[in-house]
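All residue numbers for the sequence shown refer to my numbering, where the first residue is 384 and numbers rise by one. Backbone N, C-alpha and C fix where the C-beta goes; we use that ideal spot for every residue, glycine too. Worksheet for the structure shown next.
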Amino acid sequence: MADPPCPHMKSCEMYEIFTFSETLAVWKTRYCQSDYSRCERYQRALKGQPVPVNLLPNGHLLEK
Ligand code: SF4
Numbered sequence: 384m385a386d387p388p389c390p391h392m393k394s395c396e397m398y399e400i401f402t403f404s405e406t407l408a409v410w411k412t413r414y415c416q417s418d419y420s421r422c423e424r425y426q427r428a429l430k431g432q433p434v435p436v437n438l439l440p441n442g443h444l445l446e447k
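Shown next as structure tokens:
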């Protein structure tokens, strides 16, 4: 059974970026729509830690 999508989708800047980029859409499939609990952005938000705008779900920073 599939997990529900990430509850942070609406407020997540990275989710928006994934939605508009074909090359980054894979993140959405791997994290936002499935295993979001291991997303670094999600984890940090839960702990009340700052979340850099360009932080990827795996903890790396997206290069501009
Ligand atoms: S990037 Fe992480 S916090 Fe943002 S919507 Fe996807 S799983 Fe949720």
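Quick check on residue i: does DSSP put it in helix, strand or coil?
{"i": "Leu429", "result": "helix"}
Give a single yes or no on whether residue i has its beta carbon closer than 7 angstroms to a heavy atom of ligand 1.
{"i": "His391", "result": "yes"}
{"i": "Pro387", "result": "no"}
{"i": "Pro449", "result": "Outside the displayed span of the chain (384 to 447) sits residue 449, for which this structure offers no information."}
Which first and last residues belong to the alpha helix (DSSP H) in which residue i is found?
{"i": "Glu405", "result": "Taken as a continuous stretch (DSSP letters only), Glu405 belongs to no alpha helix (DSSP H), as it is neither H nor E."}
For residue i, is the classification buried or exposed, using 16 other Cβ atoms within 10 angstroms of its Cβ as the cut-off for buried?
{"i": "Lys411", "result": "buried"}
{"i": "Phe403", "result": "exposed"}
{"i": "Pro387", "result": "exposed"}
Given a cut-off of 8 angstroms on the beta-carbon distance, is the pair residue i and residue j in contact?
{"i": "Asn437", "j": "Leu445", "result": "yes"}
{"i": "Arg427", "j": "Met397", "result": "no"}
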